[in-house]
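Asks: The opening residue of the sequence shown carries number 9 in the working numbering; numbering runs sequentially from there. All residues carry an ideal CB built from backbone N, CA and C; glycine is no exception. Source: prediction; values computed, not measured.
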Amino acid sequence: MNFSDLGLSAELLRAVEKQGYTQPTPIQAQAIPPVMDGRDLLASAQTGTGKTAGFTLPLLHRLQQQGAPRKRNIRILILVPTRELAAQVAESVRTYGAHLPIRSIEIFGGVSIRPQIAKLKRGVDIAIATPGRLLDHMEQGTVDLSAVETLVLDEADRMLDMGFIRDLRRIFKKLPTERQTLLFSATFSKDILKLAKTFLNNPERVEVAPRNTTAQRVSQVVHPVAQKRKRELLSFLIGHGNWTQVLVFAKTKHGSDRLAKQLNRDGLDAAAIHGNKSQGARKRALADFKNGDVRVLVATDIAARGLDIEKLPHVVNFDLPQVPEDYVHRIGRTARAGQAGHAVSLVSPQDEKLLRAVEKVTRTRIKRVVIDGYDAEPVEDTAPEKTPGRRPRRTKRGGKPAPGSKRRQTKKSGTASKTSPSGSRRRRRRQKPAR
Ligand code: AMP
9 MNFSDLGLSA ELLRAVEKQG YTQPTPIQAQ AIPPVMDGRD LLASAQTGTG
59 KTAGFTLPLL HRLQQQGAPR KRNIRILILV PTRELAAQVA ESVRTYGAHL
109 PIRSIEIFGG VSIRPQIAKL KRGVDIAIAT PGRLLDHMEQ GTVDLSAVET
159 LVLDEADRML DMGFIRDLRR IFKKLPTERQ TLLFSATFSK DILKLAKTFL
209 NNPERVEVAP RNTTAQRVSQ VVHPVAQKRK RELLSFLIGH GNWTQVLVFA
259 KTKHGSDRLA KQLNRDGLDA AAIHGNKSQG ARKRALADFK NGDVRVLVAT
309 DIAARGLDIE KLPHVVNFDL PQVPEDYVHR IGRTARAGQA GHAVSLVSPQ
359 DEKLLRAVEK VTRTRIKRVV IDGYDAEPVE DTAPEKTPGR RPRRTKRGGK
409 PAPGSKRRQT KKSGTASKTS PSGSRRRRRR QKPAR
């Protein structure tokens, strides 16, 4: 199949051709026809599958077919969890709509609201928005959603993870009930299905990666290692494997900064990207990473969300995600658009519980490979005072405890026990960068 078989207009085909795409990806082949027909869509697709073009192309086609209205008003509303994703989707809209007289706007927080208000006043056809800032506009009466014909929820699972459900409901209330709704999500929790049931009307179901399974073309490996030697092992892997572009996930903003600094000290060009950095600093780090000036980009989950980096070969979980579904999103950063990818997780004995949660969600057992000289230490000292008599089973991994490690590990496990999933959810909310 090629793009012209899908019945897209000549202008859109020209834009697609300019991108060098020869064939629609599976999600595009499946999503474009029903979306062009005006149907609702419930799509299971991770970033990297080509899903953005999967909804952008048919929606632009529909707008073009309808012709320009007398008064420009938002006809397509695309809701996304983060400003990075908003910027990237907006770029896709501009790219694919290059030959169409269509105006779009990015609406997200962290930047002045005034230029957005001015642009809205002049009239736009498509808005790509994060929920928080869109609500600000709604409260100020600077946005009119009464003409919305299509609503797209992109990365819906992430929006729910970030605590946007109430914001979403408030937005939905202001939209015309007669509309087309498209929902894209990498994972399908009960909450997502509930959302879909409430807001979608007899949707076409499209699935490119089976439910909650990990992208199969990503080779995944776990390297067991002591917590305090993770950084050393990471530098070794990057240097030894001659990895040139590595995205590393860390748990906290502070941890990302510290790790980037340490990697720089090891002679590896590294930068950190997270919600505390200004939009400009994030853009710069991303541009440096893309053009090869920065070899290692250390990111938190939220900051990395939606980063569109082509052909990213290596993703490293320096810390495993607190929310196991995030693992799927993280490794979706590699093996993009048909490329082979490599996802490495550095797992200390204290991380084993998180690893088991990941394996449960992905329904796989990830291969463990011990790197010579970096074997994890036994964990008999894991919070002994809290779990008397419940010694963890995983003590056989070998490797003698380093002198003095017992005390340090006990301290670390104490820290780990504080970062409960609910604690992480609370942090996520505070981290919410989109408003
Ligand atoms: P997405 O999943 O929308 O983030 O897209 C992932 C990447 O795939 C982006 O870098 C797109 O430019 C690229 N892409 C989208 N459609 C195609 C296609 N049909 N052929 C090759 N690459 C594509």
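Is the beta carbon of A258 closer than 8 Å to that of L245?
Replies: Not in contact: L245 and A258 (Cβ atoms no closer than 8 Å).
Asks: P89: which of R102, I113, G140, A98 sits nearest, CA to CA?
Replies: For the residues R102, I113, G140, A98, the minimum Cα distance to P89 belongs to G140.
Asks: Nearest by alpha-carbon distance to A234: which of F11, L354, K181, A39 is it?
Replies: Here the closest residue by C-alpha is L354.
Asks: Between E25 and D165, what straight-line distance do the alpha-carbon atoms span, to the nearest angstrom?
Replies: If I take the Cα positions, the gap works out to 32 Å.
Asks: Find the nearest neighbour of L191 within the set R174, N209, T370, judged by alpha-carbon distance.
Replies: Checking every option, the nearest Cα to that of L191 belongs to N209.
Asks: Beta-carbon separation of T308 and H337 under 8 Å?
Replies: No.
Asks: Quick one: grab the DSSP three-state call for R376.
Replies: Three-state result, R376: strand.
Asks: What do you reckon, are the CB atoms on A126 and N81 nearer than 8 Å?
Replies: Contact: no.
Asks: Measuring CB atoms only, is the stretch 324 to 337 touching the stretch 351 to 367, in the sense that at least three cross pairs come out at less than 8 Å?
Replies: With the cut-off at 8 Å, the stretch 324 to 337 and the stretch 351 to 367 touch.
Asks: Sorted by chain position, which residues of the same chain lie with C-beta nearer than 8 Å to P379's C-beta, five sequence neighbours on each side aside?
Replies: It is worth fixing the name first, because residue 379 is Ile in this sequence and not Pro. Closer than 8 Å at Cβ, skipping near neighbours: H231, V233, L241, F244, L245.
Asks: Are there 16 or more other CB atoms within 10 angstroms of the CB of P42, so buried, or fewer, so exposed?
Replies: Answer is buried; the Cβ neighbour count reaches 16.
Asks: Taking the alpha helix (DSSP H) that T103 falls in, what are its first and last residues?
Replies: Residues 91 to 104.
Asks: Put S120 into one of helix, strand or coil per three-state DSSP.
Replies: Of the three classes helix, strand and coil, the one that applies to S120 here is coil, per DSSP.
Asks: Jot down the residue ranges of each uninterrupted alpha helix (DSSP H) in the stretch 166 to 228, minimum 4 residues, whole runs only, in chain order.
Replies: For the stretch 166 to 228, whole alpha helix (DSSP H) runs of length 4 or above, ordered along the chain, are 173 to 181, 198 to 207.
Asks: Whose C-alpha, out of L159, S197, P184, is nearest the C-alpha of D169?
Replies: Among L159, S197, P184, the Cα nearest to that of D169 is on S197.
Asks: Could you tell me which whole beta strand (DSSP E) segments of length 3 or greater appear in the stretch 63 to 91?
Replies: Correct list: 84 to 87.
Asks: Please state whether DSSP places P232 in a helix, a strand or coil.
Replies: P232: strand per DSSP, three-state reduction.
Asks: Could you give the DSSP three-state label for E388: helix, strand or coil?
Replies: The pLDDT assigned to E388 is 41, lower than 50, so where the model puts this residue is not dependable, and the model offers no usable value.
Asks: When the Cα atoms are used, what is the spatial distance from G171 to T33?
Replies: When rounded, the distance between both Cα atoms is 31 Å.
Asks: Leaving out five residues before and five after S17 in sequence, what residues of the same chain have Cβ atoms less than 6 Å from its Cβ?
Replies: Here the set comprises H69, Q72.
Asks: Over the uninterrupted alpha helix (DSSP H) stretch that includes E271, give me the two end residues.
Replies: Reading off the sequence shown, one finds Leu at residue 271, where the question assumed Glu. Run containing L271: 261 to 273, per the alpha helix (DSSP H) assignment.
Asks: If you scan the stretch 293 to 374 from start to end, which runs of the beta strand (DSSP E) of 3 or more residues do you find wholly inside it?
Replies: Listed in chain order, they are 304 to 307, 322 to 325, 349 to 355.
Asks: For a test of your reading of the model: does the CB of G58 fall under 7 Å from any non-hydrogen atom of ligand 1? Yes or no.
Replies: It does: the Cβ of G58 is within 7 Å (strictly closer) of some heavy atom of ligand 1.
Asks: Is A61 a contact residue of ligand 1, with contact defined as CB to any heavy atom under 7 Å?
Replies: Yes, the Cβ of A61 comes within 7 Å of a heavy atom of ligand 1.
Asks: Exposed or buried, D199, counting other C-beta atoms within 10 Å across all chains shown (16 or more means buried)?
Replies: Counting Cβ neighbours within 10 Å, D199 comes out exposed, since fewer than 16 surround it.
Asks: For the stretch 124 to 169, list the alpha helix (DSSP H) runs that are entirely contained and at least 4 residues long, ordered along the chain.
Replies: Complete alpha helix (DSSP H) runs here, min 4: 139 to 148, 164 to 169.
Asks: Around the Cβ of D13, are there at least 16 other Cβ atoms within 10 angstroms (buried) or fewer (exposed)?
Replies: Per the 10 Å Cβ criterion, exposed.
Asks: Thinking P211 and L49 are a contact (beta carbons under 8 Å), I'd like their distance in whole angstroms, please.
Replies: Sure, about 6 Å apart at Cβ, within 8 Å.
Asks: Tell me, to the nearest whole angstrom, how far the beta carbon of P321 is from that of Q270; I am working on the premise that it is less than 8 Å.
Replies: That pair is no contact at about 22 Å.
Asks: Under 7 Å: does the beta carbon of Q358 sit that close to some heavy atom of ligand 1?
Replies: False, no ligand heavy atom lies under 7 Å from that Cβ.
Asks: Closest to G349 by CA distance: which of Q36, A94, G56, R364 is it?
Replies: Considering only alpha carbons, the answer is G56.
Asks: Out of curiosity, what's the CA-to-CA distance linking A144 and S264?
Replies: It should be noted that the sequence gives Asp, not Ala, for residue 144. Distance between the alpha carbons of D144 and S264: 30 Å.
Asks: On the three-state DSSP scale, how would you describe K414?
Replies: With a pLDDT of only 37 at K414, under 50, the local geometry of the prediction cannot be trusted, and no value is derived from it.
Asks: Extract the residue ranges of the alpha helix (DSSP H) inside the stretch 12 to 57, only unbroken runs of 4 or more that lie entirely within it.
Replies: Counting whole runs of 4 or more residues, the stretch 12 to 57 contains the alpha helix (DSSP H) stretches 18 to 27, 34 to 44.
Asks: State the Cα-Cα distance for the pair F63 and D334, rounded to the nearest angstrom.
Replies: Their Cα atoms are separated by approximately 23 Å.
Asks: Which residue from T103, E186, A204, I113 puts its Cα closest to that of L176?
Replies: Of the candidates T103, E186, A204, I113, the one whose C-alpha sits nearest the C-alpha of L176 is A204.
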